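*Asks:* Residue numbers (the numbering used here), protein chains in the order written: chain A, 3 to 119; chain B, 313 to 936; chain C, 4 to 210.
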Amino acid sequence: MADAHSTAEAHDHPTPGTYAKIGLFLFVLTALEVGLYEGTFGEHAGTLGASLQPFFIPLLLFLSAIKFALVAMYYMHLKNDSKLFSGVFVFPIIIATVIILGLVALQAYHWAFAASG
Amino acid sequence: MATTVLDQQRAHAGAHAQKTGLWSWLTTVDHKRIGILYGTTAFFFFLLGGLEALLIRIQLARADNNFLSPETYNQLFTMHGTSMIFLAIMPLSAMFFNFMIPLMIGARDVAFPRLNAFSYWVFLLGGLFLNASFLFGAAPDQGWYGYANLTSRQFSPGHNVDFWNMGLQILGVASLAAGVNFFVTVINMRTRGMTMMRMPMFVWMSFITQILILLAFPVITVALILLIFDRFFGTHFFVPAGGGDPLLWQHFFWVFGHPEVYILVLPAFGIISEILPVFSRKPLFGYAAMVFSGAFIAFLGFGVWSHHMFTTGMGPIADTFFSLTTMLIAIPTGVKIFNWMGTMWGGSIQYRTPMYFAVAFIAMFIIGGLSGVMHASPPADLQQNDTYFIVAHFHYVLFGGSIFALTAGAYYWWPKMFGRLLDEKLGKVHFWLMLIGFNLTFFPMHLVGLHGMPRRTYTYPKELNFESLNQLETLGSFILGLGFLVFLFNILKTTRGPRNAPADPWNGATLEWAIPSPPPEWNFAETPVVHGRDPLWELKRQRGGRLPEPSPGTGAGIHIPPPSYWPLVSAIGVTGIFVALMMSPKWGPWGIIVAISLTFFGIYNWLFEKGYSEFTTPQGGGHH
Amino acid sequence: MSDHAHALDTTTGLDHRKLAIWTFIGSECLFFATLISNYLVQSKKSLVGPFPHEVWKDPATGQVFEPIIEIPLVTFGTALLLFSSLFIVLALYGAQRGNRKMLIGWLGATILCGMFFVGMQVYEFTHFVHKGLTLQRNLFGASFFVLTGFHGTHVTIGVIWLVTMFILAIRGQLPKERALNLEIAALYWHFVDVVWIIIFPVVYLIR
Numbered sequence: 003m004a005d006a007h008s009t010a011e012a013h014d015h016p017t018p019g020t021y022a023k024i025g026l027f028l029f030v031l032t033a034l035e036v037g038l039y040e041g042t043f044g045e046h047a048g049t050l051g052a053s054l055q056p057f058f059i060p061l062l063l064f065l066s067a068i069k070f071a072l073v074a075m076y077y078m079h080l081k082n083d084s085k086l087f088s089g090v091f092v093f094p095i096i097i098a099t100v101i102i103l104g105l106v107a108l109q110a111y112h113w114a115f116a117a118s119g
Numbered sequence: 313m314a315t316t317v318l319d320q321q322r323a324h325a326g327a328h329a330q331k332t333g334l335w336s337w338l339t340t341v342d343h344k345r346i347g348i349l350y351g352t353t354a355f356f357f358f359l360l361g362g363l364e365a366l367l368i369r370i371q372l373a374r375a376d377n378n379f380l381s382p383e384t385y386n387q388l389f390t391m392h393g394t395s396m397i398f399l400a401i402m403p404l405s406a407m408f409f410n411f412m413i414p415l416m417i418g419a420r421d422v423a424f425p426r427l428n429a430f431s432y433w434v435f436l437l438g439g440l441f442l443n444a445s446f447l448f449g450a451a452p453d454q455g456w457y458g459y460a461n462l463t464s465r466q467f468s469p470g471h472n473v474d475f476w477n478m479g480l481q482i483l484g485v486a487s488l489a490a491g492v493n494f495f496v497t498v499i500n501m502r503t504r505g506m507t508m509m510r511m512p513m514f515v516w517m518s519f520i521t522q523i524l525i526l527l528a529f530p531v532i533t534v535a536l537i538l539l540i541f542d543r544f545f546g547t548h549f550f551v552p553a554g555g556g557d558p559l560l561w562q563h564f565f566w567v568f569g570h571p572e573v574y575i576l577v578l579p580a581f582g583i584i585s586e587i588l589p590v591f592s593r594k595p596l597f598g599y600a601a602m603v604f605s606g607a608f609i610a611f612l613g614f615g616v617w618s619h620h621m622f623t624t625g626m627g628p629i630a631d632t633f634f635s636l637t638t639m640l641i642a643i644p645t646g647v648k649i650f651n652w653m654g655t656m657w658g659g660s661i662q663y664r665t666p667m668y669f670a671v672a673f674i675a676m677f678i679i680g681g682l683s684g685v686m687h688a689s690p691p692a693d694l695q696q697n698d699t700y701f702i703v704a705h706f707h708y709v710l711f712g713g714s715i716f717a718l719t720a721g722a723y724y725w726w727p728k729m730f731g732r733l734l735d736e737k738l739g740k741v742h743f744w745l746m747l748i749g750f751n752l753t754f755f756p757m758h759l760v761g762l763h764g765m766p767r768r769t770y771t772y773p774k775e776l777n778f779e780s781l782n783q784l785e786t787l788g789s790f791i792l793g794l795g796f797l798v799f800l801f802n803i804l805k806t807t808r809g810p811r812n813a814p815a816d817p818w819n820g821a822t823l824e825w826a827i828p829s830p831p832p833e834w835n836f837a838e839t840p841v842v843h844g845r846d847p848l849w850e851l852k853r854q855r856g857g858r859l860p861e862p863s864p865g866t867g868a869g870i871h872i873p874p875p876s877y878w879p880l881v882s883a884i885g886v887t888g889i890f891v892a893l894m895m896s897p898k899w900g901p902w903g904i905i906v907a908i909s910l911t912f913f914g915i916y917n918w919l920f921e922k923g924y925s926e927f928t929t930p931q932g933g934g935h936h
Numbered sequence: 004m005s006d007h008a009h010a011l012d013t014t015t016g017l018d019h020r021k022l023a024i025w026t027f028i029g030s031e032c033l034f035f036a037t038l039i040s041n042y043l044v045q046s047k048k049s050l051v052g053p054f055p056h057e058v059w060k061d062p063a064t065g066q067v068f069e070p071i072i073e074i075p076l077v078t079f080g081t082a083l084l085l086f087s088s089l090f091i092v093l094a095l096y097g098a099q100r101g102n103r104k105m106l107i108g109w110l111g112a113t114i115l116c117g118m119f120f121v122g123m124q125v126y127e128f129t130h131f132v133h134k135g136l137t138l139q140r141n142l143f144g145a146s147f148f149v150l151t152g153f154h155g156t157h158v159t160i161g162v163i164w165l166v167t168m169f170i171l172a173i174r175g176q177l178p179k180e181r182a183l184n185l186e187i188a189a190l191y192w193h194f195v196d197v198v199w200i201i202i203f204p205v206v207y208l209i210r
């Protein structure tokens, strides 16, 4: 029984090499985030920076989301584990996102509403 | 034969009976004992909260009264609310979570027995800490929801707010620990054949409640932390002079606070869903709809919080959004009401005390729900908010709802927990006193509230003509008190009587009635296998009627988690951290350091304690 | 129910403790979500400087405050934490195969990264205080220190936990059969990393 389990695992279990590649990719994504920052707001940003500004936050959050997903799926093993664990992780994240967005929206709206008298 | 096999087994079980005595209770990890600890402690705090209410009612019985000073009055209504919510309703529900969930899913204990004990001790210490504030004349006085910036150092310089803050943090730890425990227990310890959609409805509602606790309590933990920083470390999160926004406190608080009220009421829904079928001799109507409506209420409960803030000037778009979500949440609640009525319809109604309370619950909760839907309209709420109309609403749902249901549960499950049936006649006297007293106390509040009587105000002038209705309310509250005295008398009388309740006095449908009353330490001699909902009714159908008295078994070959004092030690450490934090202006950081060390010491010994690995990592193949 | 031949006698076949740590992590998501909401809503409401990315001159005293955020330092710390996640995965890989050297080596590397991260934060905090940012100074300071401070506390608890596992490993008390104990610690550690993956852009990069 234990053997069947470990052979099944061996087929879908990533190797140290895969993990290292993911680690490198995470590092590259981080470098991209910082590069994006420097490119938009850095000292030498210039006109490219100005044109990047409206896309800055979405792009940044997109890069972070990929990092988040990679760590969750591969390092935390969610991709190859029972879906129950994914559910237990994802559902609170949904509620958390609703709350963050709700509070930010309410705050922005509250200011606008208050300012308009 | 002089003795039956049953008698012999009972004698054998008795010879290996659970130890008694204080130490055995301090070190217990048995979910049934922990349930009794929760229930006894919670009932004591409930009576304390009731006393606070009676004092409030005495003060309000007369216009321009000075029985209580304004400061004392503020402390009483704050402690009444805080105690009833955190020290009464939640732990009374926890009593049933603890005692019944393992039994109902066919398990021998919860997933983490020592964590379970830890939750109880932290709750006890937290409740004692909160009430110790009275001894220092510094009981919390800022309302149970502690609005900023009344709670800032500037406007609340004393320890009152700090007792409240630290007390709630301590209690939060207890709730979160229990949340993890019961979540894992329900998912991972159901007996063979019990799929999620075959679980008793009480287990479902309790399960959803644990999810709410796990998601909502961290929010108030952070809010309270921010308040601690404002009061102890000079930040300005809620202080306007530093750019902070007091309204943000209200947002954070109610993001927690609204799910909290569902935490208070969903277990009650679950209890009613257990009692109505048994006393109607009919299965619960619309099982799946009950599950999904409960889940929907919980999920949507995170999207309605600002309906507590309609009078704060959030603007029409915010008001409209939250008004819509709040009205929406009435729908799944309505589904439940109709399904309960559908359960009773065509059934063979058994007129026993649990059923009386359960039916009254439905009526009282409908009234509370109706006033709730009225608050959902922002323009209407503009008049209702901060008046006794709101007080009426939440007492109808929390007392007429939760407390009536918990009382029903007490009468229903008393024989299982204590091996004795509570007296029926006294139970009915209790019921009528409670029903009449409750409605006399809280129904007039709808009227005085609409006439403008404000909340949280220690007195009112004669000219406003509130006095006669207030006197009626006070009379009602004392009738309520009388009802609880009858209940206490019933308990004492029953406890002195013989321990002779049968395993299944009510002809129940669920697994807890398949084992003796009270159950042996190991619960089931053999873990059951179920094939559908209402497994005991199915079994009785197969066997052609009632079942014979079950034998407790001998417990031979069954391993029980051994007792441990590390949960208690760790609980003292955790409580100590918050006490020391409150006292840090005087004690410096040393108290906190000692408390943290004690906590680590307790936890490390707990983690490396021998004799538990088979329970945390249950291996298959054994007779479990 | 799956026939994955798990030897565990649980309804799902999954280990109680692994389910428990995931449940705890789910709850902690809300803890950090509230702290992050607070940061998003409060940090821009400072009445006075210093500010994250702009120079500010105090109109009252004429004192000039530099921008607070320093990208190179925090990027280095971020990389440390990211690599520590990789290292602990490798340590767990070794633990699950009974490879004691791999376990101890990579676990030690993880702990070092974690300690350096905390060290970086301590240095960063003292440096920011020198630049004029304190808890009491303005809402940026208050929300910054509370959010990153509580994250740092979580990292510190993680380091203590991992040091305990390290000592167990050295004493030979972390064999293949008990690899799950490390897996649980690793899940907590990855969560702490994942929270930083959000905090890093939100606090340090977004303007």
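We put the beta carbon where it would ideally sit given N, CA and C, even for glycine.
No experiment lies behind these values; they were computed from the predicted model shown.
For Pro810 (chain B), which residues of its own chain have a beta-carbon under 8 Å away from its beta-carbon, when the five flanking residues on both sides are left out?
*Replies:* Arg732
*Asks:* With distances taken between CB atoms, is the gap from Phe614 (chain B) to Ser635 (chain B) smaller than 9 Å?
*Replies:* no
*Asks:* Here's a check: name, in chain order, each residue in its chain whose Cβ is nearer than 7 Å to the Cβ of Ala821 (chain B), leaving out the five neighbours to either side.
*Replies:* Only Pro589, Val590, Asp846, Leu848, Trp849 meet the Cβ criterion.
*Asks:* Please return the same chain residues whose Cβ sits closer than 6 Å to the Cβ of Phe519 (chain B), not counting the five positions on each side in sequence.
*Replies:* Val498
*Asks:* If the cut is a Cβ gap below 7 Å, which residues of chain C does Val531 (chain B) touch?
*Replies:* Within chain C, the residues near Val531 (chain B) are Leu33, Thr37.
*Asks:* Please identify, using Cβ separations under 9 Å, the residues of the stretch 37-54 of chain C that lie next to chain B, in order along the chain.
*Replies:* Thr37, Leu38, Ser40, Asn41, Val44, Gln45, Lys48, Ser49, Leu50, Val51
*Asks:* In this structure, what does DSSP give as the bridge partners for Thr699 (chain B)?
*Replies:* B:Pro766
*Asks:* If you check the beta carbons only, do Gly885 (chain B) and Ile915 (chain B) fall under 9 Å apart?
*Replies:* yes
*Asks:* Quick check on Leu11 (chain C): does DSSP put it in helix, strand or coil?
*Replies:* strand
*Asks:* Rounded to the nearest angstrom, how far is the Cβ of Val195 (chain C) from that of Val166 (chain C), given a contact under 8 Å?
*Replies:* Wrong, their Cβ atoms sit about 15 Å apart, outside the cutoff.
*Asks:* Find the nearest neighbour of Val485 (chain B) within the set B:Pro530, B:Pro452, B:Ala406, judged by alpha-carbon distance.
*Replies:* B:Pro530
*Asks:* Less than 9 Å between the beta carbons of Tyr700 (chain B) and Gly680 (chain B), yes or no?
*Replies:* no
*Asks:* Once the 5 residues before and after Gln55 (chain A) are set aside, which same chain residues still bring their CB inside 7 Å of it?
*Replies:* Correct list, in chain order: Thr42.
*Asks:* Can you name the residues of chain B whose CB is closer than 8 Å to the CB of Gly175 (chain C)?
*Replies:* Going along chain B, no residue has its Cβ under 8 Å from Gly175 (chain C), so there is no contact; the nearest lies around 15 Å.
*Asks:* Please determine, among A:Gly44, A:His112, A:Phe57, A:Ile95, the residue with the shortest C-alpha to C-alpha distance to Ala71 (chain A).
*Replies:* Selected option, being the one with the closest Cα: A:Ile95.
*Asks:* List, in chain order, every chain B residue whose beta-carbon is nearer than 7 Å to that of Gly29 (chain C).
*Replies:* Neighbours of Gly29 (chain C) on chain B, chain order: Leu526.
*Asks:* Roughly how many angstroms lie between the CA atoms of Ala642 (chain B) and Ala688 (chain B), to the nearest whole one?
*Replies:* 10 Å
*Asks:* What residues in the stretch 83-94 of chain A bring their beta carbon closer than 9 Å to a beta carbon of chain B?
*Replies:* Leu86, Val90, Phe93, Pro94
*Asks:* Give, in chain order, every residue of the stretch 124-149 of chain C whose Cβ lies closer than 7 Å to some Cβ of chain A.
*Replies:* none
*Asks:* What residues from the stretch 400-427 of chain B come within 9 Å of chain C, judged by C-beta to C-beta, listed N to C?
*Replies:* Ile417, Ala423, Phe424, Leu427
*Asks:* Below 8 Å, can you find three or more Cβ-Cβ pairs linking the stretch 456-463 of chain B to the stretch 869-879 of chain B?
*Replies:* no
*Asks:* Please report whether the beta-carbon of Gln109 (chain A) lies at a distance below 9 Å from any beta-carbon of chain B.
*Replies:* yes
*Asks:* Using DSSP with H/G/I as helix, E/B as strand and the rest coil, what is Phe467 (chain B)?
*Replies:* coil
*Asks:* Going by the beta-carbon positions, is the gap between Tyr191 (chain C) and Ile24 (chain C) smaller than 9 Å?
*Replies:* yes
*Asks:* Using a Cβ-Cβ distance cut-off of 9 Å, determine whether Leu110 (chain C) contacts chain B.
*Replies:* no
*Asks:* Buried or exposed: which applies to Ile661 (chain B), given that a residue is buried once 16 or more other Cβ atoms fall within 10 Å of its Cβ?
*Replies:* exposed
*Asks:* Please go through the same chain and pick out, in chain order, the residues whose beta-carbon is closer than 7 Å to the beta-carbon of Ala188 (chain C), but skip the five residues on each side of it.
*Replies:* Trp164, Leu165, Met168
*Asks:* Pair every Cβ in the stretch 828-839 of chain B with every Cβ in the stretch 726-745 of chain B, then say whether three or more of these pairs are closer than 8 Å.
*Replies:* yes
*Asks:* Measuring only the C-alpha atoms, how far is Glu11 (chain A) from Gly97 (chain C)?
*Replies:* Reliability fails at Glu11 (chain A), whose pLDDT of 46 lies under 50, so the model's placement of it is uncertain and no value is given.
*Asks:* Taking the alpha helix (DSSP H) that Val498 (chain B) belongs to, which residues open and close that run?
*Replies:* 472-500
*Asks:* Does the beta-carbon of Phe568 (chain B) have 16 or more other beta-carbons within 10 angstroms, so that it is buried, or is it exposed?
*Replies:* buried
*Asks:* Just reading off the alpha helix (DSSP H) that Ile35 (chain A) is part of, what are its end residues?
*Replies:* The sequence as given places Glu at residue 35 (chain A); Ile does not occur at that position. Residues 18-43.
*Asks:* Give the secondary structure of Lys60 (chain C) by DSSP, where H, G and I count as helix, E and B as strand, and everything else as coil.
*Replies:* Looking at Lys60 (chain C) - three-state DSSP - the assignment turns out to be strand.
*Asks:* Check whether the stretch 417-432 of chain B touches the stretch 354-365 of chain B, counting contact only when three or more Cβ pairs, one atom from each stretch, lie closer than 8 Å.
*Replies:* no
*Asks:* Since Trp164 (chain C) meets chain A, which of its residues come closer than 7 Å, beta carbon to beta carbon?
*Replies:* None at all; the shortest Cβ gap to chain A is about 16 Å.
*Asks:* To the nearest angstrom, report how far apart His79 (chain A) and Phe90 (chain C) are at their CA atoms.
*Replies:* 14 Å
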